[in-house]
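Down below is the structure, laid out as structure tokens.
Residue numbers (our numbering), protein chains in the order written: chain A, 161 to 270; chain B, 99 to 212.
Pasting the structure below:
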């Protein structure tokens, strides 16, 4: 039972580079989410998706792009990474109002 | 120097004691509340939830209490074990508003001393 798998686990990149964080779920849940977690802010929603080809902005979407061509995949792209995007990123899906999170990607932008 | 808001509230307990973690929520329209546990280096994990038509809900070694009058939520962990050491945070939402409206608290770090 793999659940939600995020990759990579750790990523170091430079300012201005494009970075894609991957998220894959094995449950076929309709809704998927991307959060970032920063000390002092808790979890903040970046983007979410209600189904394949349906995505919408969350609380902090600027600088991020998402796509959902298949139900099981929900990649998050930083088009031009900035230092303020250094964070831990969590992907999640939902079932019966309960969020199930992946293990996270720790991203450092130098 | 230290910046306000960058450090989690902490709770330190002895193994075997009961732990109580508190959470104040902000939206009086919220009718669904969840507690999550996050161990170091892992994603948050669902512990227990409660709807606003209840004041108390019990799980295995955990109890959630809801006081709507003062907008307060608490998580009680009985006979705390070293494996309970983690950051705990609450989340609130309105079931009518959709899952994207889930608002998370900043968390409390629980340390269990053997």
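Cβ coordinates follow ideal geometry from the N, Cα and C atoms, glycine included.
Owing to the predicted nature of the structure, the values given are computational and were not obtained by experimental measurement.
Opposing strand residues paired with residue i [DSSP bridges]
{"i": "residue 130 of chain B", "result": "B:149 and B:191"}
{"i": "residue 261 of chain A", "result": "A:252"}
{"i": "residue 165 of chain B", "result": "B:170"}
{"i": "residue 123 of chain B", "result": "Paired residue(s): none; residue 123 of chain B is not in a bridge."}
{"i": "residue 156 of chain B", "result": "B:161"}
{"i": "residue 116 of chain B", "result": "Answer is none; residue 116 of chain B lacks a bridge partner."}
{"i": "residue 237 of chain A", "result": "A:180 and A:225"}
{"i": "residue 206 of chain B", "result": "B:186"}
Nearest candidate by alpha-carbon position, reference residue i, set the options
{"i": "residue 192 of chain A", "options": "A:174, A:199, A:214 and A:177", "result": "A:214"}
{"i": "residue 141 of chain B", "options": "A:169, A:238 and A:217", "result": "A:169"}
{"i": "residue 188 of chain B", "options": "B:168, B:208 and B:147", "result": "B:147"}
{"i": "residue 115 of chain B", "options": "B:177, B:211 and B:129", "result": "B:177"}
{"i": "residue 223 of chain A", "options": "A:239, A:234 and A:209", "result": "A:239"}
{"i": "residue 268 of chain A", "options": "A:256, A:248 and A:252", "result": "A:248"}
{"i": "residue 121 of chain B", "options": "B:151, B:134, B:113 and B:196", "result": "B:134"}
{"i": "residue 172 of chain B", "options": "B:205, B:194 and B:192", "result": "B:205"}
{"i": "residue 263 of chain A", "options": "A:176, A:179 and A:183", "result": "A:183"}
{"i": "residue 179 of chain B", "options": "B:160, B:169 and B:152", "result": "B:160"}
Chain B contact for residue i (CB, 7 Å cutoff)
{"i": "residue 263 of chain A", "result": "yes"}
{"i": "residue 208 of chain A", "result": "yes"}
Closer than 7 Å to chain A by CB, residue i
{"i": "residue 142 of chain B", "result": "yes"}
{"i": "residue 198 of chain B", "result": "yes"}
{"i": "residue 131 of chain B", "result": "no"}
{"i": "residue 135 of chain B", "result": "no"}
{"i": "residue 204 of chain B", "result": "yes"}
(message) What ranges does the beta strand (DSSP E) occupy inside the region 166 to 219 of chain A, keeping only unbroken runs of at least 3 residues that lie completely in it?
(response) 170 to 173, 179 to 185, 192 to 198, 202 to 211 and 214 to 217
(request) Scan the region 250 to 261 of chain A for residues whose Cβ lies nearer than 8 Å to a Cβ of chain B and list them as they occur along the chain. (result) 250, 252, 254, 257, 258, 259, 260 and 261
(request) Give, in chain order, every residue of the region 162 to 189 of chain B whose Cβ lies closer than 7 Å to some Cβ of chain A. (result) 187
(request) Return the residues of the region 162 to 182 of chain A that lie within a Cβ-Cβ distance of less than 7 Å from chain B, sorted by chain order. (result) none
(request) Closer than 9 Å, Cβ to Cβ, to anything on chain B: give me those residues from the region 184 to 212 of chain A, in chain order. (result) 191, 193, 195, 197, 199, 200, 201, 202, 203, 204, 205, 208 and 210
(message) At a CB distance below 8 Å, what residues from the region 210 to 235 of chain A approach chain B? Give them in sequence order.
(response) 216 and 218
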